[in-house]
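Input: a single structure, listed below in structure tokens.
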Amino acid sequence: MTQPFRTTTIRGTLYDHPKYYDLVFGAGVGLEVDFLQGCFDLYAGRRVHRVFEPACGSGRLLINLAKRGFQVSGWDMSRAAVDYCNRRFERRGLPAPAALGDIVNVCLPAKVDAAFNLMSSFQILPTERAAEDHLRSMAANIAKGGLYILALHLTPSRGTPIQRERWAARRGKLSVLCRIWTKQICSRQRKTRCGMVTEARTPRSRVRIVEDCAFRTYSAAQIGRLFEKIGHFEPVATYDYGHDLDDPIIVDDRTQDVVYVLRRR
Ligand SMILES: C[S@@+](CC[C@H](N)C(=O)[O-])C[C@H]1O[C@@H](n2cnc3c(N)ncnc32)[C@H](O)[C@@H]1O
1 MTQPFRTTTI RGTLYDHPKY YDLVFGAGVG LEVDFLQGCF DLYAGRRVHR VFEPACGSGR
61 LLINLAKRGF QVSGWDMSRA AVDYCNRRFE RRGLPAPAAL GDIVNVCLPA KVDAAFNLMS
121 SFQILPTERA AEDHLRSMAA NIAKGGLYIL ALHLTPSRGT PIQRERWAAR RGKLSVLCRI
181 WTKQICSRQR KTRCGMVTEA RTPRSRVRIV EDCAFRTYSA AQIGRLFEKI GHFEPVATYD
241 YGHDLDDPII VDDRTQDVVY VLRRR
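Each residue of the sequence shown is one higher than the one before, starting from 1 at the first, in the working numbering.
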């Protein structure tokens, strides 16, 4: 006889459930790491060995870079994510790379050769002030010639913005489905409010994580002005979320997904 599902609904954030986050957003990790390494080789004005990820989450990118010989570290605000990330390193006999910290003001013990933020986490920073402080503090912690690889969902002024995303993945008996949709665009406040529901299923149980999240919006012109204002970074290349090094893009008023390769002056 089939066992009935036990369903638990949690009002919280997927970031505090890194096992599910890691599965559902981890599928393209190999491609992302190839892309990062390719950018280091192509665009950095120095040899890249020491790398840092602000808002590192489960550490899915950090562990794969560590396996390729990079010295890695990361900050995140979720205790659960930091613990998950550090445990996966400790299991392999590697030093724990993640620390609890707010990326508004990053302060590292030594400068890094490169940093990266590939999942639009920069847009979680709610105000222009927080975004500026983040970029300035990143500049202070990246050595001259080093890179900051920063991904954003831009708000296009032509074309229709993407309003829905659906991510799904399965590992063994666990399957995770995550749906994100736009609830409200507050243009004057430059804020997009989104709903997000994640369902994690095994044959015996189902967990639903229900949350609202908000992202600061940027047009191509707004982020360009911000980079200019900060002054420490030179944009040297742009790509889309396909992470294809052979296919750089030119950002225009239709662009939505963009990865900026910024070089520290
Ligand atoms: C979309 S996840 C990205 C995780 C990781 N960068 C990746 O590519 O898988 C966003 C992460 O940002 C973290 N976060 C949000 N605001 C933060 C802040 N102000 N300081 C540090 N971490 C933050 C969350 O806890 C979450 O782990």
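Even for Gly, the Cβ is constructed at its ideal location relative to N, Cα and C.
For residue i, which beta-bridge partners are listed by DSSP?
| i | result |
| --- | --- |
| T7 | R206 |
| Y148 | A115 and L262 |
| M196 | I180 and E211 |
| K191 | C186 and R216 |
| S175 | R170 and R201 |
Leaving out five residues on either side along the sequence, give the residues of the same chain with a beta carbon under 6 Å from the beta carbon of residue i.
| i | result |
| --- | --- |
| R206 | F5 and T7 |
| G224 | none |
| R166 | R179 |
| E234 | R263 and R265 |
| K191 | A214 |
| R201 | S175 |
| K144 | R264 |
So residue i packs on residue j, CB below 8 Å; how close in whole Å?
| i | j | result |
| --- | --- | --- |
| V251 | C39 | Their Cβ separation, rounded to whole angstroms, is 16 Å, which puts V251 and C39 out of contact at 8 Å. |
| N105 | S78 | About 17 Å separates the two Cβ atoms, so there is no contact after all. |
| L125 | Y43 | Between Y43 and L125 the Cβ distance is about 24 Å, and since that is not below 8 Å, they are no contact. |
| Y20 | V176 | 5 Å |
| E53 | G74 | 4 Å |
| V24 | A169 | 5 Å |
| C56 | A98 | 6 Å |
| S58 | Y84 | 5 Å |
Within 10 angstroms of the Cβ of residue i, are there 16 or more other Cβ atoms? Answer buried if so, exposed if not.
| i | result |
| --- | --- |
| H153 | buried |
| Q163 | exposed |
| Q123 | buried |
| P109 | exposed |
| S157 | exposed |
| H49 | exposed |
| R60 | buried |
| L118 | buried |
| C107 | exposed |
| L65 | buried |
Should residue i be counted as a contact of ligand 1 given a C-beta to heavy atom distance under 7 Å?
| i | result |
| --- | --- |
| G57 | yes |
| A143 | no |
| S78 | yes |
| W181 | no |
| L242 | The identity of residue 242 in the sequence shown is Gly, whereas the question assumes Leu. Answer for G242: no, Cβ out of range of ligand 1. |
| N117 | yes |
| G28 | no |
| S73 | no |
| S137 | no |
| L174 | no |
| V24 | no |
| E211 | no |
| A131 | no |
| E165 | no |
| Y15 | yes |
| I103 | yes |
| R193 | no |
| E128 | no |
I'd like the list of long-range same chain contacts for residue i, defined as Cβ closer than 8 Å, with 5 residues on each side in sequence excluded.
| i | result |
| --- | --- |
| C194 | I180, W181, T182, K183, D212, C213, A214 and F215 |
Does chain B have any CB closer than 8 Å to the CB of residue i?
| i | result |
| --- | --- |
| N64 | Looking for chain B here will not work: only one protein chain is present. |
Given residue i, which residues of its chain have a CB within under 7 Å of its CB, disregarding the five upstream and five downstream residues?
| i | result |
| --- | --- |
| S219 | L154, T155 and S157 |
| A96 | N86, F89 and E90 |
| D102 | M77 |
| K111 | N141, I142 and A143 |
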